[in-house]
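Protein chains in written order, with my numbering: chain A, 439 to 776; chain B, 439 to 776.
Here it is as structure tokens:
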């Protein structure tokens, strides 16, 4: 067994836009395992937007990565040594964190994965983005048969699950996405009834009004801005706004004003935010619900695979720049059995 | 038994401010009862802000009063004749509608009232204002022991119940009211921990921040405007906004913008509106819960009593003008047994 591992570390903090020179790949010894620890060989590394924030020194809800230390990130790995009773060599596990070829973790932080679906899916469709769509619809949106649901960024990791789960619940789905190819995918593969290409329409409000002639009962909010302004006047009595994110406004120094809240009582609206991690069971419940549907092909997803741990920095920069097409994952190695 | 009744009718529609000349008192025959109908002699008439809207011809969520017809309004009455099996002479009932000394109603529209509390309370504290406070806190606000709740118009019909119900739930209550006397009542009689006199403070935001050093967990919204703007930044994670009304903004031609909804997910807020009538059981459940607490003196309330049906127009004009001090009721007659 190898005693050397590779890690992608944070070499310097970005001033403004992050660049490849902020990262470095180093080689170093794998430490010996303490009691209760597990050594994994990384197979897949998830690349997610939040990682950019961890490169800064600014106070945030999560700690920064320290200079000289490996970048943080969720992985799927294969157990190659274990001093924890629940894990044995050859198992595939989720939860080890770091941009590293080999990771030492407390066993308590790991989750053994069943087979039956591609392991990379546990970082995307079966991971937090999927659980976010699931929990938001189950706890807040609650689409009913015949109701109209609207979701933007509908080809994305969260939006694509919202579309499919809402269709499974019997709702009519009006999606918003950017570009003809994405809209085609959202309609033809994910099954949205309508997909509005926000790059192609001159008047988003008019396009939404045309597409939602019975009004809107559920709005899954992950973009804010123009879509929110177009949706709000079309909400029906007793409509729900699932407040997940407002990514189009994150660069605004000052939050822009929102809609008058008068409609909340005249229409009895429910506007409610959530963060999927607030309820740790969400992730497990989603995996249990969705893994069979992924295995059977009933739930569709897309991944963008980058090969090689050394290319993780470039993958993150592409993601931040918005040039990705789907959920980004880095293929680090194949499992031994493959 | 008399065969004549008095009615206050709508003689003309107001142009702008309503005046006494818009009303007239007429005398006319009481019609014969059809099968299933009940004749009541009115004891108490409720005077409520919504009645002003019924005087106009504008489309609203409820129909206008027709010219020449009696004004609408909820009453407590005594049954003096009945052709409905569930009602007999001498019973006291709620639900007959109209500014009339005697009212003919379908029995199905009436609710027999138990004794034990002043009958007028069924039009105020035990009526819709109380049920509104009750349902909003039970279904949306859900104040927990040690949490901080804020409510404005705290000496009013709804606010005074919100204060007391929140205290009973173990919450800390920071109230807002206009004037020294009202604030004294809110603190000393209703039991609020703090009452901010919005007429006396120069900076409402600063006063609220000072009074809510642990932030705000529940905001019962019935005023909007400056109070809403002061409350919103102080909301804690998982705070609830019970959206009941925004009376300070009802004269605005265009709704003013509201707060950015970004805080809904960063703080996992729940902003939800309701109308008490949407769930008819609310009224019955509130009467069952609150009547014993009114009888025992555990729940406090104030009424402003005007004597005589002929004075109902003046009572409504005073209410619209804001010169009332408490829930307005008209004493029309005493029960036979009294």
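Yeah, the Cβ is synthetic: ideal placement off N, Cα and C, and Gly gets one too.
Values in this document were obtained by computation on a predicted structure and should not be read as measured data.
| Check | Outcome |
| --- | --- |
| Opposing strand residues paired with residue 658/B [DSSP bridges] | 589/B, 680/B |
| Below-9 Å beta-carbon distance, residue 672/A vs any chain B residue | no |
| Secondary structure of residue 605/A, DSSP reduced to three states | helix |
| Sequence-distant residues of the same chain with beta carbon closer than 6 Å to residue 625/B, five excluded per side | 633 |
| DSSP-derived helix/strand/coil call for residue 598/A | helix |
| Beta-carbon gap between residue 662/B and residue 686/B smaller than 9 Å | yes |
| Proximity to residue 511/A [Cα-Cα], best of 521/A, 553/A, 526/A, 532/A | 532/A |
| Which of helix, strand or coil DSSP assigns to residue 619/A | helix |
| Chain-ordered neighbours of residue 705/A on chain B, where CB pairs are closer than 8 Å | 711 |
| Through-space distance from residue 545/B to residue 797/B, alpha-carbon basis | Residue 797/B is absent from the structure shown; chain B starts at 439 and stops at 776. |
| Chain B residues whose Cβ lies nearer than 8 Å to that of residue 570/A | Going along chain B, no residue has its Cβ under 8 Å from residue 570/A, so there is no contact; the nearest lies around 11 Å. |
| Own chain residues within Cβ distance below 8 Å of residue 637/B, not counting five before or after | 616, 617 |
| Where residue 776/B falls, given that 16 or more other Cβ within 10 Å makes a residue buried | No answer about residue 776/B holds up, because its pLDDT of 49 lies below 50 and its placement is not dependable. |
| Contact list for residue 682/A against chain B, beta-carbon separation under 9 Å | 703 |
| Exposed unless 16 or more other CB atoms sit within 10 angstroms - verdict on residue 710/A | buried |
| Within-9 Å CB hit, residue 745/B to chain A | no |
| Per-residue contacts from residue 803/A into chain B (C-beta, under 8 Å) | In the structure as shown, chain A begins at 439 and stops at 776. Residue 803/A is therefore absent and cannot be evaluated. |
| Neighbour-count burial assignment, residue 557/B, 16 or more Cβ in a 10 Å radius | buried |
| Residues of the region 573-585 of chain A with Cβ closer than 7 Å to any Cβ of chain B, in chain order | none |
| Local conformation of residue 520/A per DSSP, three classes | strand |
| Completely contained beta strand (DSSP E) runs for the region 680-728 of chain A, where each covers 3 or more residues | 708-711 |
| Local conformation of residue 766/A per DSSP, three classes | strand |
| Interface residues of the region 711-726 of chain B facing chain A [CB-CB below 8 Å] | 711, 712, 713, 716 |
| Per-residue burial, residue 505/A [other beta carbons within 10 Å of its own, 16 or more giving buried] | exposed |
| Own chain residues within Cβ distance below 7 Å of residue 753/B, not counting five before or after | 485, 744, 766, 768 |
| Residues from the region 502-536 of chain A in contact with chain B, defined by Cβ distance under 8 Å | none |
| Burial state of residue 779/A (16 or more Cβ within 10 Å) | Summary: the structure shown does not reach residue 779/A, with chain A confined to residues 439 through 776, and so no result is reported for it. |
| Which of helix, strand or coil DSSP assigns to residue 648/B | helix |
| Residue burial classification, residue 559/B (beta-carbon count within 10 angstroms, cutoff 16) | buried |
| Contact list for residue 696/B against chain A, beta-carbon separation under 7 Å | 695, 696, 697, 698, 699 |
| Same chain, Cβ closer than 8 Å to residue 755/A, neighbours up to 5 away in sequence not counted | 456, 457, 458 |
| Pairwise C-alpha distance: residue 516/A and residue 774/A | 8 Å |
| Residue range of the alpha helix (DSSP H) that includes residue 492/A | 488-492 |
| Residue interval of the beta strand (DSSP E) (run including residue 783/B) | It is not possible to answer for residue 783/B, since the shown part of chain B is limited to 439 through 776. |
| Inter-stretch contact (C-beta, 8 Å, three-pair minimum) for the region 701-715 of chain B and the region 671-687 of chain A | yes |
| Per-residue contacts from residue 708/A into chain B (C-beta, under 9 Å) | 578, 708, 709, 710, 711 |
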